[in-house]
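Here the protein sequences come in this chain order: D and B.
Mapping of the first sequence onto this note's numbering: residues 513 to 862, in sequence order.
Mapping of the second sequence onto this note's numbering: residues 146 to 463, in sequence order.
Beta carbons are placed, not taken as given, at the ideal position from N, Cα and C, and that holds for glycine.
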Amino acid sequence: MLITIPVLLGLIFVVFTLARVIPGDPCRAVLGERATDAVCDDFIRRYGLDQPIPIQFGLYLGQLSRGDLGVSIKHSEPVTQLLIDRLPTTIELTLMALLFAVVVGVPLGLLSAYRRNSPIDVGSMIVANIGVSMPVFVLGLLLQFVFALLLKGTPFALPPSGRLSSGVEVLSLVDVWHLENVSGPLRGFLDFVSRLYIPTALITGQWGPLGDALRHLLLPMVALGTIPLAIIARITRSSLLEVLGLDYVRTARAKGLRERTVVLRHATRNALLPVVTIVGLQLGGLLSGAVLTETTFNLTGVGRTVYEAITGRDYVVIQGFTLIVAFIYVFVNLIVDLSYGFLDPRVRQR
Amino acid sequence: MTDHHPTHPAAPEYGDAGEILSTRPASLWRDTLTGILRQRSAVVGLLILGVFLFVAVFADQIAPFDPRESMLGIEPGIQKQAPPCIRLLGCPADRFEHIFGLDTNFQDVFSRVVIGSRISIGIGFAAVGMAIVIGAAIGAIAGYVGGRTDNILMRLMDIVLAFPSLLLAIVIVSALGSNLMNTMLAISIVSIPVYARIVRASVIGARENDYVTASRALGESTTGILVRRIMPNAITPLIVQGTLGIGTAVLEIAALAFVGVVSLSEITWGSMIAIEFQRLFTAPHIILAPGLAITFVVLGFNLLGDGLRDAFDPRLNR
């Protein structure tokens, strides 16, 4: 577990270096082509870009240790504020896609294994194979075409872009609970959670906006969740097939237990162990896919922000965002590793 | 399906009446080939890839038009984003045949998809090839030398793995400059750790074997032992992972082109979609054609990879 610390330091270094290697003049990218040299010198000094790289790195580490991710060169807003505004979009999308993948993928895999070689099995495995092969954005565009154009005017029509319809708003926790005088990190946290529309609307009972947010999230969720769904279904299937061939399952059957009990209580539990790892491993792919889904469905999340920051030479934002995403990823993998001990007693004893 | 086991060395094959059909000695290559051909998914994957490789190699001969040529002055009365016009489905004889229609710049979509196959598949092969060579070297050194070297190398790999691969690839291409060479490099870099891990595991598994000790006692050099005695153990998983990896690489090239870090003047499937995706509701054929091309190529590599894994896995072979 301590091993993650050098990895995290390495991460910071890689992100810092890459952000600095990106070619282009940050001053003229932000202030425009006609900025004079005097203005640019001042600009460069203000952001410490005239210091040697090692010193810049040291300053950056010091900044990070105080929880300060810097101020965006382009938006002149703290990166933390940008994260509070934009990270929730990506998190909500990613988690909903993962939920969709697990809720559909696991039962599908179990069913396929239990009814091996049945039309359900063959059909779902063909769909799974095509699902993992289709780029996220192609599937997203296809879904938009079907649900926003072909089904327009029917009850099945779904909006092709954005998070909410125009005019619809999810009231923030601060507004609903009248916490206007809260400030500091707690206020940041409340703002952050409020931008997760679905949980916020659920907690505060804003049913109208909740429905609207869900309808907007449906297509991106399916587009992003299909690849992990296919992978999860395949792993679940092969895992249950393996377990069903083990001796203890035969023993359970020989004892005269009902088939339902054997499969659901005895076999499925053990079969789901490898599935947990796979679910955890999907997160990297989901975050990558979220970049594409955000572009396809016109959502302003992490992917869009990093991309805009790269085209705008906004080092501070590139650093801050890539770093936070990588940290989240490392952290989730750590949790997945730890969850083994919880799920598998054999690991715990070692 | 006949139930013979070609893995028995020099086992004679018997016919229905018990007569000996052949006593050919078992050969590694033939056994592997029959094993692969017995996997349905591998055969389907090979067929799909065969078609696409043929198209990529003979792209210039297959493409009916110049992919950058505007039909505007050439075909009278042609509309931009014209839907597909196919002879078999009643395309009038006085029209050119555009089986995937035209795009916004009056270019023939079919020709662009055909030419685009070169970059997509070519970069996929190149990126994975490079990743395997570098990854295998890193993994072999880490696994064989062990100790601190191993620790440092594998932590470096962990750092690369700690980024969502597409995000890292986007940043790398932006840092190096957005051309095809750097796209290939970026895709290669983000996939190195996978191969390094595979090779390291095989090397650690094989390092303590008696035949390795024997080679060492005979005075074989470390490089010789690594390359000739140990690496052959890693080849099967590398082939399987590499095949699947090319599929992933094709998806990543498309994704990088789609978000716009690959220059849009290059004809790739991803950039075709990137240029036109706002026209989804008016001219879906322009997006569908390259989109399906990506899907089929990736499907081909996935099926072949899965089939190879099953064919090489001795537990599943019987």
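8 Å Cβ cutoff, residue i in contact with chain D
{"i": "Leu444 of chain B", "result": "yes"}
{"i": "Ile223 of chain B", "result": "no"}
{"i": "Gly452 of chain B", "result": "no"}
{"i": "Ala394 of chain B", "result": "no"}
{"i": "Pro429 of chain B", "result": "yes"}
{"i": "His150 of chain B", "result": "Confidence at His150 of chain B is low in this model, with a pLDDT of 46, below 50, so its placement is unreliable and no value can be given for it."}
{"i": "Ile264 of chain B", "result": "no"}
{"i": "Leu425 of chain B", "result": "yes"}
{"i": "Leu448 of chain B", "result": "yes"}
{"i": "Leu194 of chain B", "result": "no"}
{"i": "Ile398 of chain B", "result": "no"}
{"i": "Asp138 of chain B", "result": "Nothing can be reported for residue 138 of chain B: it is not among the residues displayed for chain B, which extend from 146 to 463."}
{"i": "Ser410 of chain B", "result": "no"}
{"i": "Thr440 of chain B", "result": "yes"}
C-beta neighbour in chain B for residue i, strict 8 Å
{"i": "Leu576 of chain D", "result": "no"}
{"i": "Met733 of chain D", "result": "no"}
{"i": "Ser645 of chain D", "result": "yes"}
{"i": "Asn629 of chain D", "result": "no"}
{"i": "Ser800 of chain D", "result": "yes"}
{"i": "Leu530 of chain D", "result": "yes"}
{"i": "Thr807 of chain D", "result": "yes"}
{"i": "Val533 of chain D", "result": "yes"}
{"i": "Leu736 of chain D", "result": "no"}
{"i": "Gly635 of chain D", "result": "no"}
One or two residues paired with residue i in a DSSP bridge
{"i": "Asp583 of chain D", "result": "Note that residue 583 of chain D corresponds to Val in the displayed sequence, not to Asp. Val583 of chain D pairs with D:Pro590."}
{"i": "Leu247 of chain B", "result": "B:Asp253"}
{"i": "Cys230 of chain B", "result": "B:His243"}
Where the alpha helix (DSSP H) containing residue i begins and where it ends
{"i": "His728 of chain D", "result": "Trp719 to Leu756"}
{"i": "Gln831 of chain D", "result": "Tyr827 to Leu855"}
{"i": "Tyr356 of chain B", "result": "Asp355 to Ala362"}
{"i": "Ser695 of chain D", "result": "Taken as a continuous stretch (DSSP letters only), Ser695 of chain D belongs to no alpha helix (DSSP H), as it is neither H nor E."}
{"i": "Thr556 of chain D", "result": "Checking the sequence, you will find Ile at residue 556 of chain D rather than Thr. Run containing Ile556 of chain D: Asp549 to Arg558, per the alpha helix (DSSP H) assignment."}
{"i": "Arg816 of chain D", "result": "Val814 to Thr823"}
{"i": "His690 of chain D", "result": "Here His690 of chain D belongs to no alpha helix (DSSP H), and DSSP marks it neither H nor E."}
{"i": "Asp759 of chain D", "result": "Asp759 to Ala766"}
{"i": "Cys539 of chain D", "result": "Pro538 to Leu543"}
{"i": "Val189 of chain B", "result": "Arg185 to Val202"}
{"i": "Leu573 of chain D", "result": "Ile565 to Ser577"}
{"i": "His430 of chain B", "result": "His430 to Phe457"}
{"i": "Asp562 of chain D", "result": "Unbroken run through Asp562 of chain D: none, as it is neither H nor E."}
{"i": "Met329 of chain B", "result": "Leu325 to Arg352"}
{"i": "Ser645 of chain D", "result": "Pro631 to Ser645"}
{"i": "Asp303 of chain B", "result": "Gly292 to Leu306"}
{"i": "Leu670 of chain D", "result": "Here Leu670 of chain D belongs to no alpha helix (DSSP H), and DSSP marks it neither H nor E."}
{"i": "Gly797 of chain D", "result": "Leu785 to Thr808"}
{"i": "Ala421 of chain B", "result": "Here residue 421 of chain B is Glu; the residue named in the question, Ala, does not match the sequence. Unbroken alpha helix (DSSP H) run through Glu421 of chain B: Trp414 to Glu421."}
{"i": "Thr529 of chain D", "result": "Thr516 to Val533"}
{"i": "Ala320 of chain B", "result": "Ser310 to Leu321"}
8 Å Cβ cut-off: residues of chain C touching residue i
{"i": "Asp458 of chain B", "result": "Among the chains of the structure shown, chain C does not appear; the protein chains present are D and B."}
Distance cut-off 7 Å: residue i Cβ against heavy atoms of the ligand HEM
{"i": "Thr716 of chain D", "result": "Although the ligand HEM was asked about, the structure shown includes no ligands whatsoever."}
Exercise for review: Kindly confirm or deny that the stretch 606-620 of chain D and the stretch 745-762 of chain D touch, where touching means at least three C-beta pairs closer than 8 Å.
Suggested key: Segments in contact, yes.
Check your understanding: Which residues, taken in chain order from the stretch 653-667 of chain D, show a beta carbon closer than 7 Å to some beta carbon of chain B?
Key -> Within the stretch 653-667 of chain D, the qualifying residues are Leu653, Gln656, Phe657 and Leu661.
Review point. When you check each C-beta in the stretch 285-300 of chain B against every C-beta of chain D, which residues fall closer than 7 Å?
Key: The stretch 285-300 of chain B vs chain D, Cβ under 7 Å: Arg300.
**Study point:** Members of the stretch 824-841 of chain D that neighbour chain B once the beta carbon cut-off is set at 8 Å
**Key:** Within the stretch 824-841 of chain D, contact with chain B at the beta-carbon level (separation under 8 Å) is assigned to Ile830, Thr834, Val837, Ala838 and Tyr841.
Check your understanding: Any contact of the stretch 673-683 of chain D with the stretch 712-731 of chain D, i.e. 3+ C-beta pairs under 8 Å?
Key -> Taking 8 Å as the limit for Cβ pairs, the verdict is that the stretch 712-731 of chain D does touch the stretch 673-683 of chain D.
Check your understanding: Okay, do the stretch 776-795 of chain D and the stretch 844-852 of chain D touch, 3+ Cβ pairs below 8 Å being the bar?
Key -> Yes: the two stretches touch, three or more of their Cβ pairs being nearer than 8 Å.
Check your understanding: Do the stretch 354-372 of chain B and the stretch 438-446 of chain B touch if we need at least three Cβ pairs shorter than 8 Å?
Key -> The way I'd put it, the stretch 354-372 of chain B doesn't touch the stretch 438-446 of chain B; fewer than three beta-carbon pairs between them come closer than 8 Å.
Review point. Should the stretch 288-303 of chain B be called in touch with the stretch 242-259 of chain B, which here means at least 3 C-beta pairs below 8 Å?
Key: In the pairwise beta carbon analysis, the stretch 288-303 of chain B is classified as not touching the stretch 242-259 of chain B: fewer than three pairs are separated by under 8 Å.
Exercise for review: Mind the definition here: the stretch 329-347 of chain B touches the stretch 271-287 of chain B only if three or more C-beta pairs lie below 8 Å; say whether that holds.
Suggested key: The stretch 329-347 of chain B, when compared against the stretch 271-287 of chain B, does touch it at the 8 Å Cβ threshold.
Check your understanding: If we count Cβ pairs, one from each stretch, closer than 8 Å, do we get three or more for the stretch 653-668 of chain D versus the stretch 767-787 of chain D?
Key -> As far as the Cβ criterion goes, the stretch 653-668 of chain D does not touch the stretch 767-787 of chain D, which means the pair count is below three.
Check your understanding: Any chance the stretch 389-402 of chain B sits against the stretch 412-420 of chain B, with 3 or more Cβ pairs inside 8 Å?
Key -> Yes: the two stretches touch, three or more of their Cβ pairs being nearer than 8 Å.
Review point. Taking contact to mean at least 3 C-beta pairs separated by less than 8 Å, is the stretch 758-776 of chain D in contact with the stretch 629-638 of chain D?
Key: Under the 8 Å Cβ criterion, the stretch 758-776 of chain D does not count as touching the stretch 629-638 of chain D, having fewer than three qualifying pairs.
Exercise for review: Please confirm if the stretch 252-269 of chain B is in contact with the stretch 196-210 of chain B, defined as three or more CB-CB distances below 8 Å between the two stretches.
Suggested key: Three or more beta-carbon pairs separated by less than 8 Å link the stretch 252-269 of chain B to the stretch 196-210 of chain B, which places the two stretches in contact.
Check your understanding: Within the chosen definition, does the stretch 816-831 of chain D reach the stretch 420-437 of chain B through at least 3 CB pairs nearer than 8 Å?
Key -> Using a C-beta cut-off of 8 Å, the stretch 816-831 of chain D makes no contact with the stretch 420-437 of chain B, since fewer than three inter-stretch Cβ pairs fall below that distance.
Check your understanding: What residues in the stretch 691-722 of chain D have a beta carbon less than 9 Å from any beta carbon of chain B?
Key -> Against chain B - using a Cβ distance shorter than 9 Å - the stretch 691-722 of chain D contributes no residues.
Practice item. Specify whether the stretch 640-650 of chain D and the stretch 661-677 of chain D touch according to this definition: at least 3 beta carbon pairs, one from each stretch, less than 8 Å apart. Key: Counting C-beta pairs with one atom in each stretch, the stretch 640-650 of chain D and the stretch 661-677 of chain D have fewer than three that are closer than 8 Å, which means they do not touch.
Review point. Does the stretch 685-700 of chain D come close enough to the stretch 836-843 of chain D to have 3 or more Cβ pairs within less than 8 Å?
Key: Touching, no.
Exercise for review: Below 7 Å between beta carbons is the criterion; list the residues of the stretch 245-263 of chain B that meet it against any residue of chain D, in chain order.
Suggested key: Cβ contacts with chain D come from no residue of the stretch 245-263 of chain B.
Check your understanding: With contact counted as at least three CB pairs below 8 Å, one residue from each stretch, are the stretch 176-185 of chain B and the stretch 211-223 of chain B in contact?
Key -> No contact exists between the stretch 176-185 of chain B and the stretch 211-223 of chain B.
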